[in-house]
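Asks:
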């Protein structure tokens, strides 16, 4: 069954952040840094990630797509950014409520993001994932994404 998708509405943000908190723990660079270096900053990794989702929704609200259940409650989302000067459409974040995973929701959200990029004249779509994210490493290639580079993140206490 194809999930119902719609464009982000500002009142979706708390639920999108809730989904983010439920899903990004095992696949967050900031969480990795905290595990190795200890806590830092005025808030933890989760608050920083929730702020990043809010920023995505602020910067490209027409490119944030939300999967909803039959009561119109968000169960997943994808955020996008357009880079017209380079022709690149970037997908910064994708998340599906763990209770709803395995139903094709992430795939449907990614397909909608790709459609959005085509509609807006982008020539390339880009998405990133961590090595510790087996779902992304399987899903993205299944949609035609090719690995083009690996990046190593370093951090240290100051």
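Numbering (the UniProt record's numbering), first residue to last: 1 to 158. For every residue, glycine included, the Cβ atom is placed at its ideal position computed from N, Cα and C. Because the structure is a prediction, the values reported are computed rather than measured.
(1) Give the secondary structure of residue 99 by DSSP, where H, G and I count as helix, E and B as strand, and everything else as coil.
(2) Do residue 69 and residue 92 have their C-beta atoms closer together than 8 Å?
(3) To test your reading of the DSSP string, which unbroken alpha helix (DSSP H) runs of 4 or more residues are found completely within the UniProt domain "N-acetyltransferase" (3-158)?
(4) Among 147, 48, 120, whose alpha-carbon lies nearest the alpha-carbon of residue 127?
(5) With a 10 Å radius around its C-beta and 16 neighbouring C-beta atoms as the bar for buried, classify residue 26 as buried or exposed.
(6) Thinking C-alpha only, which one of 12, 36, 119 is nearest residue 82?
(7) Which one of 76, 31, 130, 85 has the shortest CA to CA distance from residue 112?
(8) Pair every Cβ in the stretch 43-61 with every Cβ in the stretch 3-17, then say whether three or more of these pairs are closer than 8 Å.
(9) Taking 8 Å as the threshold (C-beta atoms), are residue 40 and residue 95 in contact?
(10) Count the other C-beta atoms from every protein chain shown that fall within 10 angstroms of the C-beta of residue 134, then say buried if there are 16 or more, exposed otherwise.
(11) Mind checking whether residue 109 and residue 5 have CB atoms under 8 Å apart?
Replies: Taking the coordinates as given:
(1) The sequence position of residue 99 within the chain shown is 99, counting from 1. Note: residue 99 maps to helix in three-state DSSP.
(2) Within the chain shown, the letter at position 69 stands for residue 69. Within the chain shown, the letter at position 92 stands for residue 92. With respect to residue 92, residue 69 sits apart: the two C-beta atoms are not nearer than 8 Å.
(3) 13-23, 29-37, 45-59, 105-119, 134-142
(4) As a working mapping, residue 127 is identified with position 127 in the chain shown. Among 147, 48, 120, the Cα nearest to that of residue 127 belongs to 147.
(5) Sequence index remark: in the chain shown, residue 26 carries index 26 (1-based). The residue in question, residue 26, is exposed, as its Cβ has fewer than 16 Cβ neighbours within 10 Å.
(6) Position 82 of the chain shown, counted from the start, is the residue given in the question as residue 82. Cα-wise, what sits closest to residue 82 is 119.
(7) Residue numbering aside, residue 112 sits at position 112 when the chain shown is read from its first letter. Comparing Cα positions, the closest option is 76.
(8) Proximity of the stretch 43-61 to the stretch 3-17 meets the contact definition, three or more beta-carbon pairs being nearer than 8 Å.
(9) Position 95 of the chain shown, counting from 1, holds the residue named residue 95. Position 40 of the chain shown, counting from 1, holds the residue named residue 40. Cβ atoms of residue 95 and residue 40: not closer than 8 Å.
(10) Here residue 134 refers to the residue found at position 134 of the chain shown. Exposed.
(11) Locating residue 109 in the chain shown gives position 109, counting from the first residue. Locating residue 5 in the chain shown gives position 5, counting from the first residue. The answer is yes: Cβ separation under 8 Å.
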